[in-house]
Structure formats: structure tokens, C-alpha cells
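Peer 1: Sharing a structure below in C-alpha cells format, with a few things to ask.
Residue numbers (the numbering used here): 11 to 115.
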């Protein structure tokens with residue numbers, strides 16, 4: 011039911027596993043968050059409902075894409091989630107255990 015209400019208002023809830031934000035000039039993160047985003051307007055004349063506007067200059071080889079005003083990238087509201095415990099995170103070893111310098115024979 012909540013998803014129908016959100017869809018009517020052009021809103022969606024997204025999970026971001028590694029969001030980085032700043033508070034008082036200091037970076038916070040990466041931390042997981044649940045974010046409330048605005049979805050693109052299907053009747054928008056600028057982006058035709060895609061949420062991106064193509065822009066660029068005549069000298070550019072490939073065009074660039076910017077967010078349309080009907081659907082900004084930054085969330086309207088977000089909720090910080092706790093990090094998973096350290097024993098659940100994968101440890102990165104200094105070397106690859108499958109790699110060997112010795113010949114195969």
C-alpha cells in the first residue's frame with residue numbers, strides 16, 4: 011500500500027549500500043542508507059520522462075548528461091542504517107591465496 015501512495019506522488023524508496031555525506035565539512039561514510047527519491051515526471055518537456063538532460067558544447071566528442079529539475083539525484087530525505095558487524099565483512103588479504111610464483115610441475 012505504501013508503494014502505491016509513493017508512486018502516486020512520484021516518490022520511491024531506494025537502498026544505497028555506500029552513501030557518503032558531509033556534516034560540518036567532515037565526510038561521513040560510506041554508510042548504508044534508505045533514501046526517499048523523486049522519480050522523473052513522465053510529462054516533462056525537458057527530459058521526456060528519463061530524468062536526464064543531454065548537454066554539451068560543439069567541441070565535445072561525446073555529450074554529457076545532467077539531472078533534470080523534475081528528478082534530482084540527491085535524496086529528499088534519508089535514514090542512516092547501521093554498518094554490518096566486522097565479522098560479517100569480507101577481509102581483504104594482502105596477497106591472493108590462489109596465486110603462486112612456483113611453476114605448475
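The beta carbon of each residue, even a glycine, is placed where N, CA and C say it ideally should be. It should be emphasised that the depicted structure is a prediction, and the values quoted were computed from it without experimental measurement.
(1) From which residue to which residue does the beta strand (DSSP E) around residue 26 run?
(2) Please report how far the alpha carbon of residue 47 lies from the alpha carbon of residue 22, in whole angstroms.
(3) Among the residues of its own chain, which have a CB less than 6 Å from the CB of residue 77, if the five just before and after it don't count?
(4) Which class does residue 14 belong to by DSSP, given the choice of helix, strand or coil?
(5) Looking at C-beta atoms only, is the number of pairs between the region 50-62 and the region 85-101 that lie closer than 8 Å three or more?
Peer 2: Walking through what the data contain:
(1) 21-33
(2) 5 Å
(3) 83
(4) helix
(5) no
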